[in-house]
Amino acid sequence: MSASGMSETNEGGQERKPSRMALPQRSNPGAAPGGGQSYREIAERMKKVQEEQRLVVERMRQIPYKVAVLSAKGGVGKSFVTASLAMALAMMGKVVGVFDADFHGPSMPLMLGLSQVKGLLARDDGSIVPAVNVYGVRLVSVGLMLPSEEAPVIWRGSLKTTAIRQLLAYTDWEGAEYLLIDLPPGTGDEQLTIAQTIPGLTGFLLVTIPSDVSKVVVKKAAAFAQKLNVPLLGIVENMSYFRCPDGSVQYIFGKGAAEEIAKEFNVPLLGQIPIDPRIREATDAGVPFFLEYPDSEAAKVFLEMARRFVEVVESKGGKSNKGANGSEES
């Protein structure tokens, strides 16, 4: 899937050309969905959707661990956790893919050091080859297909559902063991589509900050996961505290939110990441802060969190779980 007319050459000399798919769009944005379609056209469209869903099942069966990073609250550092966790897993020797499902605010290209990549490689068979950063993390993001970083994506829910299904159907994750899905804030179209489209979704990883506002909204996300029968793997508290130069600790956003959520929903608290301004600097540069500042408290806490995350996820044994549609991967 690629934006129309976009073509680029990567470092290996391969042309980044559009795949057979185009970004979903309506020729007449004001027209009603399905307006004027014949029965044959509707039948053909349904057949295509069924074939794409079959391909999704086939692709996802090859990936043992599929984890969606969920918050429902914006501004808590969910994308930071996704990107940093992906690179931490890669440092552990895992083969990692990242699917950026935040179409309206795709930040994975910047955070993974791939903001200069334009377009996605497409093979002759129509399959999509993810962009790969210097740490070996594979990425598929609408952000790689936009004409500029400032270009908005103005889509309704049906277009986002189509984009998610097509990207998952046609992307070859090339032996990935982990697929991390970066979700936007909320519990709407993208979250529901991911839960219902990916068979055997290993679970959701919750991210919060200590504030009461975040706590209330993240509890909604946890309840959302439970209603969809998707496991909650754990919770990460970002911006948990700030350690002053004299060693004292300040709880700038409050205290206790993650512990309360973990207890109420019976999920492990995997880590509480402190505030460190250097995290922002490294993240904006697309490099892992735990490699840039390995002796920092935040780096040590994060890497321990990543280790615990692997323990929790791999304790599932790569087994499938019944998802929101009640289906189970064989």
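For the sequence shown, my numbering assigns the number 168 to the initial residue and increments by one for each residue that follows. No residue lacks a Cβ here, since even glycine has one placed at the ideal position from N, Cα and C.
* Can you name the start and end residues of the beta strand (DSSP E) that ARG447 belongs to? -> It is not in any beta strand (DSSP E) - ARG447 instead sits in the alpha helix (DSSP H) that spans 444-452.
* To do: Within its chain, find whatever has a CB closer than 6 Å to the CB of LEU335; leave out the 5 residues flanking it on each side and keep chain order.
  => VAL223
* To do: Kindly confirm or deny that the segment 271-283 and the segment 301-313 touch, where touching means at least three C-beta pairs closer than 8 Å.
  => yes
* Asked: Between HIS271 and the rest of its own chain, which residues show a CB-CB distance below 7 Å, the 5 nearest in sequence each way excluded?
  -> VAL320, PRO351
* Inter-stretch contact at 8 Å, needing at least 3 Cβ pairs: the segment 434-441 / the segment 401-418 -> yes
* Could you check if GLU316 is buried or exposed, using at least 16 other CB atoms within 10 Å of its CB as the buried criterion? => exposed
* Asked: Under the rule that 16 or more other beta-carbon atoms within 10 Å means buried, what is ALA289, buried or exposed?
  -> buried
* To do: Using three-state DSSP, classify ILE361 as helix, strand or coil.
  => helix
* the segment 322-334 touching the segment 215-234, judged by at least three CB pairs closer than 8 Å -> yes
* To do: Taking THR249 as part of the alpha helix (DSSP H), name the residues at either end of that continuous run.
  => 245-258
* **THR375 (DSSP reduced to helix, strand or coil)** => strand
* To do: List the residues that DSSP assigns as beta-bridge partners of SER308.
  => ASP267
* Asked: At what residue ranges does the segment 394-431 contain a whole run of the beta strand (DSSP E), taking only runs of 3 or more?
  -> 399-404
* Asked: Where DSSP assigns a beta bridge to GLN439, which residues make up the other side?
  -> GLU404
* Boundaries (first-last residue) of the beta strand (DSSP E) holding ILE348 -> 345-349
* Asked: beta strand (DSSP E) containing LEU326: first to last residue?
  -> Not the beta strand (DSSP E): LEU326 falls in the alpha helix (DSSP H), residues 324-337.
* Residues near THR375 in its chain [Cβ-Cβ closer than 8 Å; skip 5 each side] -> SER238, LYS240, VAL243, SER381, LYS382, VAL385, ILE402, VAL403, GLU404, ASN405, ALA424, ALA425, ILE428
* Host alpha helix (DSSP H) of LYS215 (start-end) -> 206-228
* To do: Compute the beta-carbon to beta-carbon distance between VAL263 and ILE348, rounded to the nearest angstrom, for a pair I have assumed lies under 8 Å.
  => Not confirmed; about 12 Å, so no contact.
* Cα-Cα, which of PHE409, ILE365, ILE419, ALA449 is closest to LEU395? -> ILE365
* Pick from ARG445, ARG474, GLU478 that is closest to ASP462, judged by C-alpha positions -> ARG445
* Per-residue burial, GLN204 [other beta carbons within 10 Å of its own, 16 or more giving buried] -> exposed
* Measuring alpha carbon to alpha carbon, tell me which of PHE476, SER378, LEU359, GLY293 ends up nearest SER325. => LEU359
* **N- and C-terminal bounds of the beta strand (DSSP E) containing LEU237** => 232-237
* Write down the C-beta distance between GLU344 and LYS261 rounded to the nearest angstrom, noting that I regard them as a contact closer than 8 Å. => 5 Å
* Alpha-carbon spacing of PHE432 relative to ARG207, whole angstroms -> 48 Å
* Asked: Nearest-angstrom Cα distance between LEU436 and LEU311?
  -> 33 Å
* To do: Let me know the secondary structure DSSP gives ALA390 once reduced to three states.
  => helix
* Asked: Which residues in the same chain have their Cβ closer than 6 Å to the Cβ of ASP267, if we skip the five residues on either side of it in sequence?
  -> PRO273, MET275, SER308, ASP349
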